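For reference, the structure is listed below as structure tokens.
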Amino acid sequence: MSPLPVSVVTGFLGSGKTTLLSRLLRDPAAARTAVIVNEFGEVGLDHLLVEASDEEVVLLEGGCLCCKVRGDLVRTAGHLLARRARGAAAFDRIVIETTGLADPAPILQALMTDREIADALRLESVIATVDCAAGDATLDAHPESVKQAALADRIVLTKADLADPAQSGLAERVRRINPSAPQLTALHGAVDASRLFGGAPYDRPLYNHGSHAESGVTSFCLRRSAPLHAVTLSLFLQLVAEHCGARLLRLKGLVDVVESPGRPAVIHGVQHVFHPPAWLEAWPDDDRTTRIVVISQELDAEWLQDLLEALDDEVKACSIS
Amino acid sequence: MSRHKTARVARVLSGALRVWGVSASVERDPERPAGFVLRTQSGIRMQVAPAASRGWLVWREGRSLGVHNGLPGLLRSLRQELAPEAATGRLIIGSQSLL
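If you read the protein sequences in the order shown, they are chains W and V. Each residue of the first sequence is one higher than the one before, counting from 624 in this note's numbering. Each residue of the second sequence is one higher than the one before, counting from 20 in this note's numbering.
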């Protein structure tokens, strides 16, 4: 059985995550979706606002998903999968709504590493909501909201009925924070579900964008035209994980590997936790260069590019000698 | 090692020091070809030079700290000497398939 796709919906407090989900679940394109709602506070309310059958909305109470209830998330996902296997619940996708204060990184890591659920689930995308009315002020005041937008695969600009994100400059600001993530606009929470879900980590554009920093979060793309040795890639990821630690927010890329001509490797990591590299049958587009998008807190693009090249110099020297 | 590659290694060392939060300079070592001298603001002096066959030799205040086969070992050694409190991580490969 192929793994079920999982999407994580993040976004600052009041940015419209619950409204978005509530509307999405009424969209036929998002049918057969189970929702795990995490709320911060003594009494959870958001789950009451998500319109779906009770069996398909599960509430995690008692804390923020990122720091307290990671184990609960894994257990809850496991229970959902068990119910599905018994025929007691029918869904083909799971959406996890985080609290507005959550750092999504530990949630993604839990999904990537937990053996109980890893074989059954596939992390499909991280969706961040940014409020068109209050988004600028939130990004100014709360670095967590910048991080949430930076980590996303897709951005939903919510409450566009209250303020035009193009006119206010918010859309451009968010694009500078995360140039790779397609932006969708939601009016009263309505957004096309078919554009929100689906796809794979490598089929979104990997831009050769310039470095941009906001609240210490930078995003940039390392590029290389010559193929890399597999050992170089392995050493590079080890060094980044070892020395950059939590400064590395997310790294994803397509890598041309010497030992695998014509079949690029897909790499994807959240901080120091990576998926096992996957190998594509062919390049997804005409661009055959290695592209590694790095989203980080104050890491330097030139340093990482130099590190990659210097490691490959050493590996090549070993191969020759 | 070519001048181009030597300059690249110098930039790698400078960048690593910044990542670890160490204020230090990286200069060419006049005593050793393709070698470097690292001087921290706190007064520590370290030297790094390519070994004759392969790898990197490291000294602290003139005392040898051994030889490392490659950049990963060299960087780890420098961090332990200059920034032992710097946060470190360990690569974890998860079990969830990417595709």
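Note that CB positions come from ideal geometry on N, CA and C, so glycine has one too. Owing to the predicted nature of the structure, the values given are computational and were not obtained by experimental measurement.
V31(V) sits in a helix when the DSSP states are folded into three classes.
Setting aside the 5 residues that flank it on each side, V86(V) is surrounded in the same chain by A70, G74 and L76, each with a C-beta closer than 6 angstroms to its C-beta; the list follows chain order. Apart from the 5 residues on each side of it in sequence, H852(W) sits with its Cβ closer than 6 angstroms to the Cβ of V881 and V938 in its chain, given in chain order. Note that the region 652 to 659 of chain W does not touch the region 794 to 811 of chain W; fewer than 3 beta-carbon pairs, one per stretch, sit closer than 8 angstroms.
Nearest neighbour of G108(V) by Cα position, chosen from R818(W), L927(W), A864(W) and A924(W), turns out to be A864(W).
About 5 angstroms separates the beta carbon of L877(W) from that of P887(W), a gap short enough to meet the 8 angstroms contact definition.
Taking a contact to require three or more Cβ pairs closer than 8 angstroms, the region 47 to 58 of chain V and the region 24 to 37 of chain V qualify as touching. For the pair G710(W) and F635(W), the CB atoms are not nearer than the 9 angstroms cut-off.
It is roughly 28 angstroms from the alpha-carbon of L101(V) to the alpha-carbon of A940(W). With its beta carbon less than 9 angstroms from one in chain W, P91(V) belongs to the interface. Scanning A933(W), L922(W), Q928(W) and D929(W) for the CA closest to the CA of V38(V) turns up L922(W).
In terms of CA proximity to G113(V), L731(W) leads the group A708(W), R706(W) and L731(W). Taking a C-beta cut-off of 7 angstroms against chain V, the contacting residues of the region 834 to 865 of chain W are L858, L860, Q861, L862, A864 and E865, listed in chain order. Annotation for S848(W): T912 place their beta carbon closer than 7 angstroms to its own, counting only its chain and skipping 5 residues before and after. Counting along the chain, no alpha helix (DSSP H) covers P628(W); the unbroken beta strand (DSSP E) around it starts and ends at L627 to G634.
Interface flag for L110(V) against chain W is set, since a Cβ pair is found closer than 9 angstroms. Taking a beta-carbon distance threshold of 9 angstroms, F897(W) counts as an interface residue toward chain V. The region 756 to 763 of chain W makes no contact with the region 735 to 748 of chain W; the number of CB pairs closer than 8 angstroms stays below 3.
F897(W) is bridged by DSSP to G892(W) and I112(V). In the structure shown, Q99(V) falls within a helical segment according to DSSP collapsed to helix, strand and coil. In terms of Cβ geometry, S768(W) and S842(W) do not form a close pair [threshold 9 angstroms]. Within chain W, no residue has its CB atom less than 9 angstroms from the CB of S44(V), the nearest being about 16 angstroms off. For R914(W), the three-state secondary structure derived from DSSP is strand.
For G54(V), none of the residues of chain W pass the 7 angstroms Cβ criterion, the least Cβ distance being about 15 angstroms. Beta-carbon to beta-carbon, G694(W) and A809(W) are separated by about 32 angstroms, too far to satisfy the 8 angstroms threshold.
The beta carbon of S96(V) sits closer than 7 angstroms to those of V77, L84 and H87, all from its chain and outside the five residues before and after it, given in chain order. Chain order gives the chain V residues near P626(W) as Q115 and S116, where near means a beta carbon separation below 8 angstroms.
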